[in-house]
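Peer 1:
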Amino acid sequence: MRVLVIGNGAREHALCWKLRQSPLLTELYCAPGNPGIAAVADRVPIAPEEVQRLADFATEMRIDLTVVGPELPLTLGIADEFAGRGLPIFGPTQRAAEIEGSKVFSKLFMDRHKIPTAPFAVVHDAAAALSEARRFGLPVVLKADGLAAGKGVLIATTQDELAEAARALFEERRFGASADRVVVEAFLPGDEVSFMALCDGERVLPLATARDYKRIGDGDTGPNTGGMGAHSPSGGLSAETAAEVVETVMRPAVAGLAAEGRPFVGVLYAGLMLTPEGPRVLEFNARFGDPEAQVLLMRLEDDLLPLLAAGAAGRFDARRLSFRREAAAGVVLASPGYPGRPLTGEPIRGLDRAGAIEGVEIFHAGTTVEGGELVSAGGRVLSVCALAPDLRGALERAYAAVGEVDWPGKVYRHDIGRRLLDPDQGGVTGP
Ligand code: AMP
Ligand code: GLY
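For the numbering used here, add 130 to where a residue sits in the sequence shown, where the first one is 1.
1) Between the alpha carbons of T498 and R510, how many angstroms are there, rounded?
2) Cα separation between T378 and I245?
3) On the criterion of 16 or more Cβ atoms from any shown chain inside 10 Å, does L504 qualify as buried, or is it exposed?
4) Got a sec: does the ligand AMP put a non-hydrogen atom nearer than 7 Å to the Cβ of E291?
5) With a 10 Å radius around its C-beta and 16 neighbouring C-beta atoms as the bar for buried, classify G556 as buried or exposed.
6) Let me know the secondary structure DSSP gives H143 once reduced to three states.
7) For L145 versus E179, is the C-beta distance shorter than 8 Å?
8) Kindly examine the ligand GLY and report whether one of its heavy atoms sits closer than 7 Å to the Cβ of D350.
9) Alpha carbon to alpha carbon, what distance is there between V323 and A263?
10) Output the boundary residues of the alpha helix (DSSP H) element that contains P436.
11) CB of P421 to nearest heavy atom of the ligand GLY: below 7 Å?
12) Would the C-beta of G356 count as close to the ligand GLY, meaning under 7 Å from any of its heavy atoms?
13) With DSSP as the reference, please indicate the residues paired to A464 in a beta bridge.
14) Assign K161 to buried or exposed, taking buried as 16 or more other Cβ atoms, counted over all protein chains shown, within 10 Å of its Cβ.
15) Does the ligand GLY have even one heavy atom less than 7 Å from the beta-carbon of D321?
16) Taking only runs that begin and end inside the stretch 333 to 392, name each unbroken alpha helix (DSSP H) of 4 or more residues, in chain order.
17) What is the rounded straight-line gap between the Cα of S308 and the Cα of I229?
18) Taking all protein chains shown into account, decide if L217 is buried (16 or more other Cβ within 10 angstroms of its Cβ) or exposed.
19) Closer than 7 Å to a non-hydrogen atom of the ligand GLY - does that hold for the CB of N415?
20) Going by CA-CA distance only, name the one from V314, V397, A439 and E142 that's closest to A226.
21) Is R414 helix, strand or coil by DSSP?
22) Please list the terminal residues of the continuous beta strand (DSSP E) segment that includes A286.
23) Distance check for L435 and L154, CA to CA, integer angstroms please.
24) CA-CA distance, D241 and G539?
25) Evaluate contact between the stretch 521 to 528 and the stretch 174 to 188, counting only Cβ atoms and requiring at least three cross-stretch pairs below 8 Å.
26) Which residue comes first and which comes last in the beta strand (DSSP E) that contains V499?
27) For L335 and I208, what's the separation of their Cα atoms in angstroms?
28) On the CB-based measure, 16 or more other CB atoms within 10 Å of its CB, does P200 come out buried or exposed?
29) Can you find the residues in the same chain that come closer than 6 Å, C-beta to C-beta, to L551, ignoring five residues on each side of it along the sequence?
30) Straight-line CA distance for P472 to P466?
31) Note down the Cα distance separating H494 from R445, rounded to an integer number of angstroms.
32) What would DSSP say about S324, mapped onto helix, strand or coil?
33) Give a yes or no on contact between the stretch 312 to 320 and the stretch 381 to 399, applying the rule of three or more CB pairs nearer than 8 Å.
34) If we count the other Cβ atoms within 10 Å of its Cβ and call it buried at 16 or more, is E422 buried or exposed?
35) Hey, how far is the Cα of G496 from the Cα of A507?
36) Please tell me whether, using a cut-off of 7 Å, the distance from the CB of D342 to the nearest non-hydrogen atom of the ligand GLY is below it.
This is the structure:
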């Protein structure tokens with residue numbers, strides 16, 4: 131099969147790495163890819179948002195399956211464009227991707243289908259935001275409706291922060307039109323995990339559990355990022371709770387979207403808060419999480435290619451997915467300054483040594499080649515991942531590899547998974 135992957139991050143590198151192992155694969159292209167991806171796929175110089183050009187390329191190259199990594203092309207309707215031209219694609223239509231693209235749609239949808247989530251209200255101005263927030267008490271969460279590069283969620287713990295958040299959203303218009311409508315919701319305390327499933331419009335194949343670490347700093351301090359590390363299993367989510375999530379969240383979501391004429395083909399991602407009252411959905415995404423995809427794909431035993439092809443055709447044959455018993459962990463190396471303006475152009479060496487450590491895979495994100503040398507070129511630069519018999523071993527291998535990466539500027543978290551290794555936390559078990 132001739133396959134095209136869209137995107138240029140470590141998630142897409144992991145997708146290409148996994149697809150490359152398929153005996154069914156004949157050609158693999160990635161648009162636009164990165165230097166790491168170039169080792170396993172042919173790069174195509176088309177940006178993910180150039181939907182028409184991507185469809186032209188897929189037509190011309192007789193691509194049998196296109197796999198979409200990031201959300202932007204999905205919300206721009208790439209799946210609709212491909213479907214209109216008879217090109218198989220694994221990714222939701224624009225209307226199905228609204229579950230990620232609009233927080234207002236997503237919350238009202240959960241309400242209609244009784245999917246457990248935080249109590250909320252939808253508001254259009256600062257006064258209404260303040261009065262609804264009063265109803266929920268502090269802390270309270272304000273969310274811009276539209277995609278805001280992951281920055282449109284504001285958590286206010288004091289009256290001053292609440293007033294400041296309402297001002298930022300409605301008066302300063304810091305998030306532009308994406309904050310024309312705002313969700314005000316109750317703050318849920320608890321432990322956060324990621325839960326994903328492959329979907330064919332009707333059926334749901336749950337992936338193993340994963341956890342990402344969103345804050346930049348050790349001990350969950352500092353600003354939110356795209357994700358600074360991940361591991362699978364997640365810890366904290368038992369097999370019973372995972373099964374409950376499939377029944378109370380994933381199946382109702384896919385059935386609800388189908389019933390509303392928005393069948394969902396692709397990866398449905400639920401960000402969950404494990405509260406004392408049970409799991410609650412914080413958000414849905416319409417794609418693989420990054421860096422969760424890297425660790426999940428390292429644990430996936432099945433051939434990914436026929437699975438995604440069957441999903442794109444609207445008909446999974448498999449009843450369930452198989453995952454290795456081993457654990458996988460990943461540490462993201464970022465540029466100094468991230469998640470603000472990253473300092474780039476720094477040489478990165480030592481990847482051969484780091485990658486030679488048993489169980490280690492290094493996935494590229496923001497890298498480029500300048501004058502024959504690999505240099506940093508973005509915020510998140512590398513995902514250094516490892517597989518081992520247990521989480522402790524996977525983290526040891528990943529951190530050993532991080533130590534071999536010769537890049538003085540590398541910024542990373544030193545505590546990925548650490549809290550879960552503390553025996554008082556009950557260790558790491560589960561799916
Ligand atoms: P979201 O983009 O909706 O996932 O929000 C980004 C982050 O904000 C989440 O990963 C949570 O850490 C946090 N968050 C969002 N909603 C809530 C909530 N209702 N209660 C507590 N934390 C939340
Ligand atoms: N790691 C969270 C996300 O990809 O949105």
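The beta carbon of each residue, even a glycine, is placed where N, CA and C say it ideally should be. None of the values given here were measured: they were computed from a predicted structure.
Peer 2: Let me spell this out:
1) Counted from its first residue, the sequence shown places residue 498 at position 368. Counted from its first residue, the sequence shown places residue 510 at position 380. Those two C-alpha atoms are separated by around 12 Å.
2) Along the sequence shown, read from residue 1 onward, the residue named residue 378 stands at position 248. Along the sequence shown, read from residue 1 onward, the residue named residue 245 stands at position 115. The straight-line gap from Cα to Cα measures roughly 6 Å.
3) In the sequence shown, counting from the first residue as 1, residue 504 sits at position 374. Looking at its Cβ environment, which holds 16 or more other Cβ atoms inside 10 Å, L504 is buried.
4) In the sequence shown, counting from the first residue as 1, residue 291 sits at position 161. Checking the Cβ of E291 against the ligand AMP gives no.
5) By one-based count along the sequence shown, residue 556 stands at place 426. Here the model assigns G556 a pLDDT of 47, short of 50, so the residue's position is not dependable and the matter cannot be decided.
6) Stepping through the sequence shown from its first residue, residue 143 is reached at position 13. Residue state, collapsed to three classes: helix.
7) For the purposes of this step, residue 145 is taken as the residue at position 15 of the sequence shown. For the purposes of this step, residue 179 is taken as the residue at position 49 of the sequence shown. It is not a contact, given that the beta carbons lie outside the stated cut-off.
8) As a first step, residue 350 must be located in the sequence shown, where it is residue number 220. No.
9) Within the sequence shown, residue 263 is the residue found at index 133, counting from 1. Within the sequence shown, residue 323 is the residue found at index 193, counting from 1. Their backbone Cα atoms lie some 25 Å apart in a straight line.
10) Walking along the sequence shown from the start, residue 436 turns up at place 306. First-last of the alpha helix (DSSP H) with P436: L434 to A442.
11) Residue numbering aside, residue 421 sits at position 291 when the sequence shown is read from its first letter. Within the cutoff, so yes.
12) Taking the sequence shown and counting its residues from 1, one reaches residue 356 at position 226. Correct: G356 has its Cβ closer than 7 Å to the ligand GLY.
13) As a position in the sequence shown, residue 464 is number 334, starting the count at 1. BP columns for A464 point to R510 and V541.
14) For the purposes of this step, residue 161 is taken as the residue at position 31 of the sequence shown. For the sequence presented, residue 161 should be read as Ala rather than Lys. Here A161 is buried: its Cβ has 16 or more other Cβ atoms, across all protein chains shown, within 10 Å.
15) For this step, residue 321 is matched to residue 191 along the sequence shown. Proximity of the beta carbon of D321 to the ligand GLY is not indicated: no heavy atom of the ligand is located closer than 7 Å.
16) 369 to 375 and 381 to 389
17) As a working mapping, residue 308 is identified with position 178 in the sequence shown. As a working mapping, residue 229 is identified with position 99 in the sequence shown. Near 15 Å, if we compare the C-alpha coordinates of I229 and S308.
18) Residue mapping note: residue 217 aligns to position 87 of the sequence shown, counting from 1. Classification for L217: buried.
19) Taking the sequence shown and counting its residues from 1, one reaches residue 415 at position 285. Yes, Cβ of N415 sits closer than 7 Å to a heavy atom of the ligand GLY.
20) Your numbering for residue 226 matches position 96 in the sequence shown. Here the closest residue by C-alpha is V397.
21) Here residue 414 is taken as the residue at index 284 of the sequence shown, counted from 1. For the record, residue 414 in the displayed sequence is Phe; it is not Arg. In this structure, F414 counts as strand in the three-state DSSP scheme.
22) As a first step, residue 286 must be located in the sequence shown, where it is residue number 156. Note, A286: beta strand (DSSP E), V283 to A286.
23) Looking up residue 154 in the sequence shown gives position 24. Looking up residue 435 in the sequence shown gives position 305. Cα to Cα, the separation comes out at about 7 Å.
24) Translated into positions along the sequence shown, residue 241 becomes position 111. Translated into positions along the sequence shown, residue 539 becomes position 409. Looking at the two C-alpha atoms, the distance is approximately 46 Å.
25) no
26) Working through the sequence shown from its first residue, we reach residue 499 at position 369. From DSSP, the beta strand (DSSP E) with V499 extends over T497 to E500.
27) For this step, residue 335 is matched to residue 205 along the sequence shown. For this step, residue 208 is matched to residue 78 along the sequence shown. About 23 Å.
28) Translated into positions along the sequence shown, residue 200 becomes position 70. Buried.
29) As a first step, residue 551 is located in the sequence shown; it is residue number 421 there, counting from the start. Cβ neighbours of L551 beyond the five flanking positions: R522.
30) Here residue 472 is taken as the residue at index 342 of the sequence shown, counted from 1. Here residue 466 is taken as the residue at index 336 of the sequence shown, counted from 1. Taking the straight line joining both Cα atoms gives about 6 Å.
31) Taking the sequence shown and counting its residues from 1, the one referred to as residue 494 is at position 364. Taking the sequence shown and counting its residues from 1, the one referred to as residue 445 is at position 315. The alpha-carbon atoms of H494 and R445 are separated by roughly 32 Å.
32) Mapped onto the sequence shown, residue 324 falls at position 194. Reduced to three states, the DSSP call for S324 is strand.
33) No, the stretch 312 to 320 is not in contact with the stretch 381 to 399.
34) Reading the sequence shown from its first residue, position 292 is the one you call residue 422. Buried is the call here.
35) Counting from one through the sequence shown, the residue named residue 496 turns up at place 366. Counting from one through the sequence shown, the residue named residue 507 turns up at place 377. Straight-line Cα distance between these residues: approximately 5 Å.
36) On the sequence shown, residue 342 is found 212 positions in, with the first residue counted as 1. Answer for D342: yes, Cβ within range of the ligand GLY.
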